[in-house]
Amino acid sequence: MTSRTKPKGKRLLFDIETNGLLDTLERIHCIWIKDLDTEEFYEFHDYFQTLSPHTGNIGHAVEMLDGAELLVGHNILHYDIPAVQLLYPGALRGFSYFGGKPIFDTLIASRLIWPEILVSDFERFGVFEGTGKDRKLVATKGNFPRKHLGKHGLEAWGYRKKLLKGDYSQSVKDFSKELKALKDPALILTAIREKHPSWEPLVQWKPDGSFDKLFEWAAWNADMHAYCKRDVEVNAALLQEIRDQKYSNRSLTLEHKFAEVLLKQELHGVPFDVPKAEALKAKLITRKAELEDELQRTFPPWSVFEWFTPKVNNSKLGYEKDVPFRKEHQVVFNPGSRTHIENRLTKLRGWKPLEWTPSGRAKIDDVILGRLPYPEAKPITEYLLLQKRLGQLAEGTNAWLNLVKPDGRIHGRVITNGTPHGRCSHQKPNITAVPRVTAEYGEECRSLFYAPDGWVMVGCDAAGIQLRCLAGFMRKFDGGAYMKVVLQGDPHTFHQKVTGIASRDKVKTFLYALLFGARGPTLSLSTGGTADDAEKLRQKFLTRIPAFNLANSECEEFFRATGTLVGLDGRIVPLRGANSALNYRLTNAEACIVKQATVFFYEDATAAGLVFGVDYALVIHAHDELQVLCREHLAETIGPMVAAAIKRAGEYFKFPCPMKGEYKIGRNWAETH
Numbered sequence: 012m013t014s015r016t017k018p019k020g021k022r023l024l025f026d027i028e029t030n031g032l033l034d035t036l037e038r039i040h041c042i043w044i045k046d047l048d049t050e051e052f053y054e055f056h057d058y059f060q061t062l063s064p065h066t067g068n069i070g071h072a073v074e075m076l077d078g079a080e081l082l083v084g085h086n087i088l089h090y091d092i093p094a095v096q097l098l099y100p101g102a103l104r105g106f107s108y109f110g111g112k113p114i115f116d117t118l119i120a121s122r123l124i125w126p127e128i129l130v131s132d133f134e135r136f137g138v139f140e141g142t143g144k145d146r147k148l149v150a151t152k153g154n155f156p157r158k159h160l161g162k163h164g165l166e167a168w169g170y171r172k173k174l175l176k177g178d179y180s181q182s183v184k185d186f187s188k189e190l191k192a193l194k195d196p197a198l199i200l201t202a203i204r205e206k207h208p209s210w211e212p213l214v215q216w217k218p219d220g221s222f223d224k225l226f227e228w229a230a231w232n233a234d235m236h237a238y239c240k241r242d243v244e245v246n247a248a249l250l251q252e253i254r255d256q257k258y259s260n261r262s263l264t265l266e267h268k269f270a271e272v273l274l275k276q277e278l279h280g281v282p283f284d285v286p287k288a289e290a291l292k293a294k295l296i297t298r299k300a301e302l303e304d305e306l307q308r309t310f311p312p313w314s315v316f317e318w319f320t321p322k323v324n325n326s327k328l329g330y331e332k333d334v335p336f337r338k339e340h341q342v343v344f345n346p347g348s349r350t351h352i353e354n355r356l357t358k359l360r361g362w363k364p365l366e367w368t369p370s371g372r373a374k375i376d377d378v379i380l381g382r383l384p385y386p387e388a389k390p391i392t393e394y395l396l397l398q399k400r401l402g403q404l405a406e407g408t409n410a411w412l413n414l415v416k417p418d419g420r421i422h423g424r425v426i427t428n429g430t431p432h433g434r435c436s437h438q439k440p441n442i443t444a445v446p447r448v449t450a451e452y453g454e455e456c457r458s459l460f461y462a463p464d465g466w467v468m469v470g471c472d473a474a475g476i477q478l479r480c481l482a483g484f485m486r487k488f489d490g491g492a493y494m495k496v497v498l499q500g501d502p503h504t505f506h507q508k509v510t511g512i513a514s515r516d517k518v519k520t521f522l523y524a525l526l527f528g529a530r531g532p533t534l535s536l537s538t539g540g541t542a543d544d545a546e547k548l549r550q551k552f553l554t555r556i557p558a559f560n561l562a563n564s565e566c567e568e569f570f571r572a573t574g575t576l577v578g579l580d581g582r583i584v585p586l587r588g589a590n591s592a593l594n595y596r597l598t599n600a601e602a603c604i605v606k607q608a609t610v611f612f613y614e615d616a617t618a619a620g621l622v623f624g625v626d627y628a629l630v631i632h633a634h635d636e637l638q639v640l641c642r643e644h645l646a647e648t649i650g651p652m653v654a655a656a657i658k659r660a661g662e663y664f665k666f667p668c669p670m671k672g673e674y675k676i677g678r679n680w681a682e683t684h
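Residues in the sequence shown are numbered consecutively from 12, following this note's numbering.
If you want it as structure tokens, here you go:
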């Protein structure tokens with residue numbers, strides 16, 4: 012290491028600016044580093060004419076970062092570090108929570124510590140009108156942009172910490188719009204040279220020579236360089252804010268380890284059977300067209316009349332100025348339009364809706380349609396389902412077929428702490444929305460996610476984890492009586508006896524609705540009876556299983572006392588209401604146990620000499636379920652290993668009710684879960 016790249020301290024906070032995301036990245040424009048031990052700043056880009064002890068080129072920056080004992084940054088785990096490694100192979104390989112030098116990602120910490128940051132932003136910066144359900148956000152104060160409300164990015168934190176003055180990216184985009192209005196390329200170049208001469212390399216031209224836009228990340232410039240330093244300054248302030256919280260180190264460590272494993276999943280991707288998906292798409296489109304034709308014959312076009320007053324004469328159309336005229340037009344039934352469905356069922360079948368949307372329209376979904384006695388309800392329900400499945404499969408930017416990369420895989424994004432209670436959220440696509448095998452077209456959909464030749468898919472989930480968590484929290488009230496039912500008996504049969512609900516499926520739906528805090532009309536949807544009937548069943552359940560009532564009351568008291576509860580790993584879980592408090596406790600316990608199990612599995616696989624991406628790969632992580640690709644001969648090693656990790660995770664948290672993992676081996680996701 013040269014003297015130029017050897018900082019006095021060992022804890023470095025850094026930020027980089029590049030010309031693209033990981034799949035298009037070609038160059039790093041600049042890097043700023045703050046030595047957290049000395050408070051000194053170092054700046055790096057490849058355009059310095061002369062160098063000083065605090066400047067250097069990008070290679071010097073990478074060397075300095077490599078020599079650190081701790082790297083700190085915002086989203087560095089998912090972007091900055093992989094970006095450096097793409098362009099400088101071998102760099103930063105020593106940084107890992109699994110036996111390497113540590114990384115501290117302030118984005119991960121921000122999402123963990125402030126999971127309900129939107130609420131605090133509303134309180135601090137929101138301007139509202141109305142009250143109750145009519146209350147709505149109309150503006151923001153304190154110069155806080157509306158688009159940053161509830162966001163964890165450095166731009167948002169810059170406004171919160173009153174450190175962000177201007178926005179380089181937005182400034183370039185705004186100027187680009189001004190330039191577009193000029194149209195003439197010569198005028199455009201003149202305007203750039205007069206106002207922002209260093210931005211000329213950002214110009215993107217269309218093939219016909221006309222102006223397209225300014226791409227803010229196309230080339231290095233002084234404004235970008237200053238923006239990068241400002242991000243470091245903002246992040247240093249955020250880091251101090253994080254330190255001031257004195258947050259649970261156990262939860263911070265778990266979130267960082269889990270995020271590191273899930274990044275490997277994202278980069279690897281899950282194989283997706285495109286030819287099979289195209290065949291399913293054709294099948295769904297054909298059936299959808301058949302139903303559309305059938306329903307349009309059932310509901311022929313109808314006339315709609317409206318009055319208007321012409322502003323000019325029009326002899327061809329028979330209009331006279333200022334003389335009211337009645338226009339008529341034909342409406343063709345669109346079975347995908349809930350407005351049309353409401354219109355035809357109310358006017359032709361006498362339907363009287365009982366549930367309404369916030370906008371005042373009749374609520375229409377498969378449950379409501381399934382209750383209606385009209386023969387058209389079934390094909391309408393099927394049509395809406397087909398519309399949904401096609402949207403997931405092929406239509407829209409987040410459809411599976413549109414997300415397949417050239418490697419034949421879908422690289423879904425996981426926000427590892429994307430919910431207030433600690434569960435993940437999923438983007439591009441929402442993998443948790445892929446229908447179950449038992450749902451219509453569910454088997455066809457899940458089978459699209461497959462294991463290539465020589466590999467198999469091993470699916471493992473935490474068996475009955477919601478009820479095991481419930482039993483664990485009830486134990487101090489009933490001495491383990493309910494836990495015995497869950498572990499040794501059949502809890503759903505037990506619940507049938509308690510409630511008197513004859514249907515096993517209905518009692519399961521009732522229980523999970525109860526766990527999610529459902530009451531009155533909402534709870535009645537699970538039983539098919541009235542709201543009063545549902546409330547009587549709830550009271551019967553609480554009376555006959557008093558430990559459940561006490562566990563629920565304990566959570567309600569958490570809400571009333573502090574509005575929060577402490578999660579299994581020490582994190583603070585914000586509660587939104589008394590009714591949902593128990594659900595938040597159970598969901599947090601599930602999330603912590605499954606995250607810890609994922610970490611244990613990765614550690615155990617590594618200890619066994621297995622290499623991620625070579626011998627096996629985690630490819631889907633959905634709530635309490637892990638889907639792992641592995642070499643065929645390793646299936647009976649991987650399955651028990653994941654199951655054991657789930658059991659050990661419960662023991663790690665000293666959870667009263669033991670956890671259990673179950674696994675299946677197959678050729679695709681439909682066969683493994």
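Yeah, the Cβ is synthetic: ideal placement off N, Cα and C, and Gly gets one too.
Option in the options with minimal Cα separation from residue i
i: E454; options: A192, T598 and T683; result: T683
i: H632; options: V518, L553 and H422; result: H422
i: S262; options: L190, D580 and E662; result: D580
i: E189; options: K206, V243 and Y258; result: K206
i: A230; options: M670, L522, F611 and D57; result: D57
i: R424; options: E451, L200 and V630; result: V630
i: A492; options: F552, V469 and F559; result: F559
i: R457; options: D464, T443, W466 and G465; result: T443
i: Y53; options: R241, F136 and I87; result: R241
i: P311; options: L193, H432, I352 and I119; result: I352
i: G31; options: E601, G531 and W228; result: W228
Cutoff 8 Å: residue i Cβ touching any chain B Cβ
i: K268; result: Looking at the structure shown, chain B is missing, and only one protein chain is on hand.
Straight-line Cα distance separating residue j from residue i
i: L459; j: W680; result: 8 Å
i: G161; j: Q499; result: 45 Å
i: L23; j: Q215; result: 35 Å
i: T142; j: L148; result: 11 Å
i: V281; j: A473; result: 21 Å
i: A410; j: P440; result: 7 Å
i: K338; j: G371; result: 26 Å
i: P18; j: M75; result: 7 Å
i: M12; j: G78; result: In this prediction, M12 scores a pLDDT of 46, lower than 50, which makes its location untrustworthy; the coordinate-derived value is nonetheless stated afterwards. Approximately 8 Å, taken between the alpha carbons.
i: R555; j: F25; result: 58 Å
i: W313; j: V342; result: 5 Å
i: F488; j: F666; result: 15 Å
i: F226; j: S209; result: 13 Å
i: P446; j: T609; result: 23 Å
i: A462; j: K287; result: 14 Å
i: A293; j: P417; result: 22 Å
i: C435; j: R146; result: 29 Å
Residue i - DSSP class collapsed to helix/strand/coil
i: E51; result: coil
i: G494; result: The sequence shown places Met at residue 494, not Gly. M494 falls in the helix class under three-state DSSP.
i: L88; result: helix
i: F25; result: strand
i: F664; result: coil
i: C641; result: strand
i: Q68; result: Checking the sequence, you will find Asn at residue 68 rather than Gln. Three-state DSSP puts N68 in coil, outside helix and strand.
i: M12; result: Unreliable positioning characterises M12 in this predicted model, as indicated by a pLDDT of 46, which lies under 50. The coordinate reading is nonetheless provided below. Coil.
i: A192; result: helix
i: Y613; result: helix
i: L412; result: helix
Short Cβ contact (8 Å threshold) for residue i with residue j
i: N246; j: G20; result: no
i: P93; j: L33; result: yes
i: Y179; j: N154; result: no
i: K377; j: L396; result: Per the sequence shown, residue 377 should be read as Asp rather than Lys. Contact flag set, yes.
i: W466; j: E277; result: no
i: F612; j: V653; result: yes
i: P431; j: P126; result: yes
Nearest-angstrom beta carbon gap, residue j and residue i [assumed within contact, 8 Å]
i: A589; j: M485; result: Incorrect: roughly 18 Å between the Cβ atoms, too far for contact.
i: I604; j: G661; result: 6 Å
i: G528; j: N594; result: 5 Å
i: Y108; j: H236; result: About 31 Å separates the two Cβ atoms, so there is no contact after all.
i: E636; j: G483; result: With a Cβ gap of about 20 Å, E636 and G483 do not count as contacting.
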